[in-house]
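So the structure is just underneath, and the comments pick up after that.
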Amino acid sequence: MQEETPKQGFDTMTDNATIQVQNGEVPESPNIKARKPDPCALVIFGITGDLAKRKLIPALYHLALGGSLPEDLAVIGFSRSASDAEELRANLYEAAKSFSRSKSVDPEIWARFIARVDCVAGGADDPAAYQALKEKLAEADEKFGSKGNRLYYLSVAPSIFPTILGRLKEADLVFEPGSKGQRWSRVIVEKPFGHDRASAHELNSLVGQVLDERQTYRIDHYLGKETVQNILTFRFANTIFEPLWNNKYIDHIQVTAAEELLVSGRGTFYDQTGVGRDIIQNHLLQVLGLILMEPPVSLDGDHVRDQKVQAIQALRSVAEGDAVFGQYEGFLQVDGVAPGSRTPTYMAIKTWVDNWRWSGVPIYLRAGKAMEGRDTEVAIVFKEVPSYLFGQGLKPNVLVLQIQPNEGITLHFSSKVPGDDLNIGYVEMDMKYSQAFERKPGDAYERLLLDGMRGDSTLFARRDEIDEAWRWIDPVLKGWESGTTPMPVYAPGQNGPAEGDALIERDGRSWRSIE
Ligand code: BG6
Numbered sequence: 178m179q180e181e182t183p184k185q186g187f188d189t190m191t192d193n194a195t196i197q198v199q200n201g202e203v204p205e206s207p208n209i210k211a212r213k214p215d216p217c218a219l220v221i222f223g224i225t226g227d228l229a230k231r232k233l234i235p236a237l238y239h240l241a242l243g244g245s246l247p248e249d250l251a252v253i254g255f256s257r258s259a260s261d262a263e264e265l266r267a268n269l270y271e272a273a274k275s276f277s278r279s280k281s282v283d284p285e286i287w288a289r290f291i292a293r294v295d296c297v298a299g300g301a302d303d304p305a306a307y308q309a310l311k312e313k314l315a316e317a318d319e320k321f322g323s324k325g326n327r328l329y330y331l332s333v334a335p336s337i338f339p340t341i342l343g344r345l346k347e348a349d350l351v352f353e354p355g356s357k358g359q360r361w362s363r364v365i366v367e368k369p370f371g372h373d374r375a376s377a378h379e380l381n382s383l384v385g386q387v388l389d390e391r392q393t394y395r396i397d398h399y400l401g402k403e404t405v406q407n408i409l410t411f412r413f414a415n416t417i418f419e420p421l422w423n424n425k426y427i428d429h430i431q432v433t434a435a436e437e438l439l440v441s442g443r444g445t446f447y448d449q450t451g452v453g454r455d456i457i458q459n460h461l462l463q464v465l466g467l468i469l470m471e472p473p474v475s476l477d478g479d480h481v482r483d484q485k486v487q488a489i490q491a492l493r494s495v496a497e498g499d500a501v502f503g504q505y506e507g508f509l510q511v512d513g514v515a516p517g518s519r520t521p522t523y524m525a526i527k528t529w530v531d532n533w534r535w536s537g538v539p540i541y542l543r544a545g546k547a548m549e550g551r552d553t554e555v556a557i558v559f560k561e562v563p564s565y566l567f568g569q570g571l572k573p574n575v576l577v578l579q580i581q582p583n584e585g586i587t588l589h590f591s592s593k594v595p596g597d598d599l600n601i602g603y604v605e606m607d608m609k610y611s612q613a614f615e616r617k618p619g620d621a622y623e624r625l626l627l628d629g630m631r632g633d634s635t636l637f638a639r640r641d642e643i644d645e646a647w648r649w650i651d652p653v654l655k656g657w658e659s660g661t662t663p664m665p666v667y668a669p670g671q672n673g674p675a676e677g678d679a680l681i682e683r684d685g686r687s688w689r690s691i692e
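Going by the working numbering, the first residue of the sequence shown is number 178, and it counts up by one from there.
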């Protein structure tokens, strides 16, 4: 029997039937219902690490709380230090209490969830540990009904991916789609996916020796955020925005990812990564891809990603002088940061998109740590109206997609101030998720873990997207790293160095304020 090819995209619920949205098939109802996740065993490599504690375990707990986890799920942690299952369970409980978004843990739900969690202690390169894992997985199939389906989450340094994948393959724990009937094995890999284009290519090739692309889930947690998913719906489920979504009406686009956070505690990692590899290459380009892409022919995962990759492909190489780097004061004193490091904690870039729709529209991107506030947003700034009626000085329309916090969408426009005089005020139409919907958005990891169990890779980055993103940013980063220009420094709480503001101001435009 052949393994069912994982279906991408969504199912559409009609009154009494579920149909797959496919090319040419028109959904009958706007309620597009996500498929139920399959029974499976989730194996977390790096279960004692930071990501598991802060994100994965709280996400699993919330899925259990919301009744979304498959009843027949088993969770197995794999780590050198996970030798005692009881101790691990106790630590995971502490993690869920500290980091769960509800700030509390329901004892009954937790007890039911944690009863499904076990562990295997071992090094990533130890064949005996994979035999122990194999036995645990067979037990889990018996005890919990996980049906031989395996979802591996590699929450470890990318340098260890090839070792783990090689050992899994050797132990017959990952297998080609279709080779074991209905059973499936999938692998979620964490970013950063490579350090530059060449290393990403090498890593992709190593991963490709063990896994088929259909089994490879490269996570970018921004794609799991409701506000990012909503970009597609906002653009393509409304008639009024798409006709304006081009160079005829749009003056420029600004994308900002500002964090108040400092790097503290992650010095070694961050010093090798910097904001370009940590945020821009992945999170920001994924968001930008959704903003710039053409309409896909269906919501099928590959159709969406085909369009996204084409948009990233159309990004023009960044011209000299169009990228600004900065480092916050104090970064060099963070533990793990090399003396005199040139790693940027702030970057601003101006770029262009070489295609029909966006020709002539500059795109400004900026991301930074230690900024004035936390603010991730996309601002679509429209062209000015002709001045002959109201004179100069009217502010342009701006549509802001507020990714986080205060998730929402705001349209800024001009309006007459009541009174005899003709005064023009600048007002807002504002949609806040917290007011518009009763249901609170879940954490991105909740959605992405479920999608892994469903076999839906729509919200994961494909190999060609990663490659194109590196193609664009690699020369910018390498140029800076090999250069000798002094590093612009900014005080924490300032929104990057003055050079970042100058990048946009020299074009007669300005960054939106960070709220
Ligand atoms: C991670 C980066 O991928 O994203 C972190 O490694 C960053 O440095 C984080 O702080 C931001 O995520 P979010 O969801 O808080 O915007």
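Cβ coordinates follow ideal geometry from the N, Cα and C atoms, glycine included. Here the structure is a predicted model, which means the values were calculated and not measured.
Check: In whole angstroms, what is the alpha-carbon distance linking residue 348 and residue 327?
Finding: Along the sequence shown, one-based indexing puts residue 348 at 171. Along the sequence shown, one-based indexing puts residue 327 at 150. One C-alpha to the other measures close to 13 angstroms.
Next item on the list: Would you identify the three-state DSSP class for residue 435, choosing helix, strand or coil?
Entry: If you number the sequence shown from 1, residue 435 lands on position 258. Correct three-state label for residue 435: strand.
Note to self: Is any non-hydrogen atom of the ligand BG6 found closer than 7 angstroms to the C-beta of residue 368, if you look at the structure I gave you?
What the structure shows: Counted from its first residue, the sequence shown places residue 368 at position 191. Yes, Cβ of residue 368 sits closer than 7 angstroms to a heavy atom of the ligand BG6.
Check: Three-state secondary structure (DSSP) at residue 220?
Finding: To locate residue 220, count along the sequence shown from 1; it is residue 43. It is a strand residue.
Check: Can you tell me whether DSSP reads residue 257 as helix, strand or coil?
Finding: Taking the first residue of the sequence shown as 1, we reach residue 257 at position 80. In the structure shown, residue 257 sits in coil (DSSP, three-state: anything other than H, G, I, E or B).
Item checked: With 16 other Cβ atoms within 10 Å as the buried cut-off, status of residue 302 -> Stepping through the sequence shown from its first residue, residue 302 is reached at position 125. Flag for residue 302 reads exposed.
Notebook entry, point to check: When the distance is taken between beta carbons, is residue 374 closer than 8 angstroms to residue 394?
Noted result: For the purposes of this step, residue 394 is identified with residue 217 of the sequence shown, where counting begins at 1. For the purposes of this step, residue 374 is identified with residue 197 of the sequence shown, where counting begins at 1. No, these two residues do not count as a Cβ contact at 8 angstroms.
Check: Based on Cα-Cα distance, which residue from 528, 650, 278 lies nearest to residue 450?
Finding: By one-based count along the sequence shown, residue 450 stands at place 273. Measuring from the Cα of residue 450, the nearest candidate turns out to be 650.
Next item on the list: Check whether the Cβ of residue 410 lies closer than 7 angstroms to any heavy atom of the ligand BG6, and answer yes or no.
Entry: Taking the sequence shown and counting its residues from 1, one reaches residue 410 at position 233. Outside the cutoff, so no.
Next item on the list: Specify the secondary structure class of residue 520 as computed by DSSP and reduced to three states.
Entry: Within the sequence shown, residue 520 is the residue found at index 343, counting from 1. Reduced to three states, the DSSP call for residue 520 is coil.
Note to self: For the beta strand (DSSP E) containing residue 554, name the first residue and the last one.
What the structure shows: The residue labelled residue 554 in the question sits at position 377 within the sequence shown. Residue 554 -> beta strand (DSSP E) spans 552-559.
Next item on the list: Have a look at the DSSP bridge pairing and note the partners of residue 605.
Entry: Here residue 605 is taken as the residue at index 428 of the sequence shown, counted from 1. Note: residue 605 sits in a beta bridge opposite 589.
Note to self: Output needed for residue 296: all residues of its chain with C-beta closer than 6 angstroms, excluding positions within five of it in sequence on either side, in chain order.
What the structure shows: Translated into the one-based positions of the sequence shown, residue 296 becomes position 119. Within the same chain, residue 296 has close Cβ partners 254, 259, 262, 265.
Margin query: Quick check on residue 191: does DSSP put it in helix, strand or coil?
Written below: The count along the sequence shown starts at 1 and reaches residue 191 at position 14. Residue placement at residue 191 cannot be trusted, given a pLDDT of 34 that sits under 50; what the coordinates show is reported in the next sentence. The answer is coil: DSSP assigns residue 191 none of H, G, I, E or B.
Item checked: C-alpha gap between residue 392 and residue 384, whole angstroms -> The count along the sequence shown starts at 1 and reaches residue 392 at position 215. The count along the sequence shown starts at 1 and reaches residue 384 at position 207. Residue 392 and residue 384: Cα-Cα distance of roughly 10 angstroms.
Item checked: Own chain partners of residue 691 with C-beta closer than 8 angstroms, once the 5 adjacent residues on each side are dropped -> Taking the sequence shown and counting its residues from 1, the one referred to as residue 691 is at position 514. Cβ neighbours of residue 691 beyond the five flanking positions: 433, 435, 548, 549, 550, 552, 672.
Margin query: Using only the alpha-carbon positions, how far apart do residue 638 and residue 288 sit?
Written below: Counting from 1 along the sequence shown, the entry for residue 638 is found at position 461. Counting from 1 along the sequence shown, the entry for residue 288 is found at position 111. Answer to the nearest angstrom: the Cα atoms are 34 angstroms apart.
Next item on the list: Check whether the Cβ atoms of residue 688 and residue 431 lie closer than 8 angstroms to each other.
Entry: Sequence index remark: in the sequence shown, residue 688 carries index 511 (1-based). Sequence index remark: in the sequence shown, residue 431 carries index 254 (1-based). Yes, the pair counts as a contact, with Cβ atoms nearer than the cut-off.
Notebook entry, point to check: Which parts of the region 233-291 are runs of the alpha helix (DSSP H), unbroken and 4 residues or longer, counting only runs that do not cross its ends?
Noted result: 234-242, 262-276, 284-291
Check: What did DSSP end up calling residue 581 once you bin it into helix, strand or coil?
Finding: Stepping through the sequence shown from its first residue, residue 581 is reached at position 404. Correct three-state label for residue 581: strand.
Notebook entry, point to check: Considering only residues of the same chain and omitting the five flanking positions on each side of residue 247, which have a CB-CB separation below 6 angstroms?
Noted result: Here residue 247 is taken as the residue at index 70 of the sequence shown, counted from 1. These residues qualify, in order along the chain: 214, 216.
Next item on the list: May I ask you to check if the CB of residue 428 is nearer than 7 angstroms to at least one heavy atom of the ligand BG6?
Entry: The count along the sequence shown starts at 1 and reaches residue 428 at position 251. Every heavy atom of the ligand BG6 is 7 angstroms or more from the Cβ of residue 428, so no.
Note to self: So, at 7 angstroms on beta carbons, what are the nonlocal neighbours of residue 238 in its own chain, with the 5 sequence-adjacent residues on each side left out?
What the structure shows: Position 61 of the sequence shown, counted from the start, is the residue given in the question as residue 238. Same-chain partners within the cutoff: 273, 277, 282, 287, 290.
Next item on the list: Look up residue 504 in the DSSP assignment and give the residues it is bridged to.
Entry: On the sequence shown, residue 504 is found 327 positions in, with the first residue counted as 1. Answer is 666.
Note to self: Please classify residue 623 as buried or exposed, where buried requires at least 16 other C-beta atoms within 10 Å of its C-beta.
What the structure shows: For this step, residue 623 is matched to residue 446 along the sequence shown. Buried, because 16 or more other Cβ atoms sit within 10 Å of the Cβ of residue 623.
Next item on the list: Tell me whether residue 476 sits in a helix, a strand or coil according to DSSP, three-state version.
Entry: Residue mapping note: residue 476 aligns to position 299 of the sequence shown, counting from 1. Here residue 476 sits in coil by DSSP.
Check: Grouping DSSP H, G and I as helix and E and B as strand, with all else coil, what is residue 366?
Finding: Working through the sequence shown from its first residue, we reach residue 366 at position 189. In the structure shown, residue 366 sits in a strand (DSSP, three-state: E or B).
Note to self: Can you check whether the C-beta of residue 297 is within less than 8 angstroms of a C-beta belonging to chain B?
What the structure shows: Among the chains in the structure shown there is no chain B, since it carries only a single protein chain.
Next item on the list: List the residues that DSSP assigns as beta-bridge partners of residue 733.
Entry: Nothing can be reported for residue 733, as the shown portion of the chain is limited to 178 through 692.
Notebook entry, point to check: For the 8 angstroms Cβ check, are there 3 or more pairs between the region 584-599 and the region 316-334?
Noted result: no
Item checked: Reduced DSSP category for residue 408 - H, G, I as helix; E, B as strand; rest coil -> Working through the sequence shown from its first residue, we reach residue 408 at position 231. Residue state, collapsed to three classes: helix.
Next item on the list: Can you have a look at residue 500 and say buried or exposed, based on whether 16 or more other CB atoms are within 10 angstroms of its CB?
Entry: Counted from its first residue, the sequence shown places residue 500 at position 323. The residue in question, residue 500, is buried, as its Cβ has 16 or more Cβ neighbours within 10 Å.
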